[in-house]
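Below you'll find the structure, written out as structure tokens, and then a few comments.
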Amino acid sequence: MLPLPGQFEKRLPVTMITGFLGSGKTTLLNHLLGHLGGRRVAVFVNEFGAIDIDSQILVAVDEDIVSLKNGCVCCQVKEDFLRALRRVLAYDHMQKAAGKQGLEAILLETSGVADPYPIMLTFRVSELWSLTRLDAVLTVVDAETFTAEHFQSQTALRQIQYGDIILLNKADLVGDKQLSHLEAEIKRLKPQARVLPMTYGQVPLSSVLDVALFSGDREASAAPATLHIQDDGFVAVPFESDRPFVLKKFQQFLDYQLPADVFRAKGVLWFTESPHRHLFQLSGKRSQFQDESWFQPPKNQLVCIGRNLDSEQLQQQLQQCLALTH
Numbered sequence: 001m002l003p004l005p006g007q008f009e010k011r012l013p014v015t016m017i018t019g020f021l022g023s024g025k026t027t028l029l030n031h032l033l034g035h036l037g038g039r040r041v042a043v044f045v046n047e048f049g050a051i052d053i054d055s056q057i058l059v060a061v062d063e064d065i066v067s068l069k070n071g072c073v074c075c076q077v078k079e080d081f082l083r084a085l086r087r088v089l090a091y092d093h094m095q096k097a098a099g100k101q102g103l104e105a106i107l108l109e110t111s112g113v114a115d116p117y118p119i120m121l122t123f124r125v126s127e128l129w130s131l132t133r134l135d136a137v138l139t140v141v142d143a144e145t146f147t148a149e150h151f152q153s154q155t156a157l158r159q160i161q162y163g164d165i166i167l168l169n170k171a172d173l174v175g176d177k178q179l180s181h182l183e184a185e186i187k188r189l190k191p192q193a194r195v196l197p198m199t200y201g202q203v204p205l206s207s208v209l210d211v212a213l214f215s216g217d218r219e220a221s222a223a224p225a226t227l228h229i230q231d232d233g234f235v236a237v238p239f240e241s242d243r244p245f246v247l248k249k250f251q252q253f254l255d256y257q258l259p260a261d262v263f264r265a266k267g268v269l270w271f272t273e274s275p276h277r278h279l280f281q282l283s284g285k286r287s288q289f290q291d292e293s294w295f296q297p298p299k300n301q302l303v304c305i306g307r308n309l310d311s312e313q314l315q316q317q318l319q320q321c322l323a324l325t326h
């Protein structure tokens, strides 16, 4: 059962990680998990799409990871999030009652198309207010690709407006002048926000965890009407197959067939030419592969995220990249 308000010695701090598609949220989360120094946390990863990719990209740690699928935390799976969080809190209460180490923090990574405000509101209006406190909203921005065009997306705009700390990821890929211009633009939108540059999601934990920066009253008073992800026209196209890709065919797909409206793609890929498991990530025009060993039967799992995509055509193109037999 869920512990009654006041049964915890102190409310658990919750750090929300938000940011637009491909900005580096999971990279940041990986960095945080790898430098906790024995602190025990619960991790909630939100997937936009039918295939759980992020929990496979995350480093292997002892923390409890709850993956939320088929939509963003703020709308479609909000109830799933509350149910999962209640379950984690109840389990943590039993652990503490048995004299075992309890949770010290909760980390929540939202999807790249999630408006952060509704989930922020969840921590204020439910019984969670007595058990948890929203410590800070971290907004990750891709410093290399971020332009004024991002503000055409209400979601991207709100992710910055509600951020307590704005993290300019990939700062090593831009010059000082561009970085200063971006910081000034963000300060114009959110004057009170802390703006920190970072590379590969690396930032001192003391700068982003247990910082008590969230001001719920201020954020709630400034909140506009909320939008669902469909208002921005985003579509997540999943693709799965028990057959491997042919590397040359897949590369030709990336070079010549991938729609320009695909902002983000990520997956676990299998190629006929390689015995390895390949973690694939694409953000804008930049893509990368990370080789690992398989720990389960090989298969292809890929999600492409973008605006107004033709799901059937995209899946057919990927189907044509597969080996005929294996």
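Residue 11 in full-length UniProt numbering sits at position 11 of the sequence shown; the count goes up by one each step and never skips.
Here a beta-carbon is modelled for each residue, glycine too, at the ideal position from N, C-alpha and C.
Item                                                                                                                                                                                                   : Value
Could you check the C-alpha separation between Asp142 and Tyr200 for me, to the nearest Å?                                                                                                             : 11 angstroms
Per DSSP, what are the beta-bridge partners of Leu282 in this structure?                                                                                                                               : Ala265 and Ser287
Could you check if Gly201 belongs to the surroundings of the ligand MG, using beta carbon to heavy atom distance under 7 angstroms?                                                                    : Judged by which ligands are present, the structure shown has none, so any question about the ligand MG falls away.
Does any residue of chain C bring its CB to less than 8 angstroms from the CB of Lys266?                                                                                                               : Protein chains in the displayed structure number just one, and chain C is not present.
Which class does Val14 belong to by DSSP, given the choice of helix, strand or coil?                                                                                                                   : strand
So what's Asp135 in DSSP terms, helix, strand or just coil?                                                                                                                                            : strand
Starting from the C-beta of Leu247, find all residues in its chain whose C-beta is less than 6 angstroms away, skip the five residues before and the five after it, and write them out in chain order. : Phe271 and Glu273
Nearest by alpha-carbon distance to Leu131: which of Pro13, Tyr256, Thr155 and Gln251 is it?                                                                                                           : Pro13
Mapping the DSSP letters down to three states, classify Ser206 as helix, strand or coil.                                                                                                               : helix
On the CB-based measure, 16 or more other CB atoms within 10 Å of its CB, does Arg264 come out buried or exposed?                                                                                      : buried
Given this structure, state the Cα-to-Cα distance separating Asp291 from Val45, to the nearest angstrom.                                                                                               : 22 angstroms
With a threshold of 7 angstroms on Cβ separation, who are the neighbours of Gln315 within its own chain once the five nearest residues in sequence on each side are excluded?                          : Val237 and Phe239
For the alpha helix (DSSP H) holding Phe250, just list the boundary residues, first then last.                                                                                                         : Leu247 to Gln252
What span of residues does the alpha helix (DSSP H) with Gln301 cover, start to end?                                                                                                                   : That residue, Gln301, is in no alpha helix (DSSP H); its beta strand (DSSP E) goes Asn300 to Arg307.
Please report the straight-line C-alpha distance between Leu128 and Asp135, rounded to a whole angstrom.                                                                                               : 13 angstroms
Tell me which same chain residues have a C-beta within less than 8 angstroms of the C-beta of Lys187, skipping the five on either side of it?                                                          : Ala193 and Val195
For Asn169 versus Val235, is the C-beta distance shorter than 8 angstroms?                                                                                                                             : no
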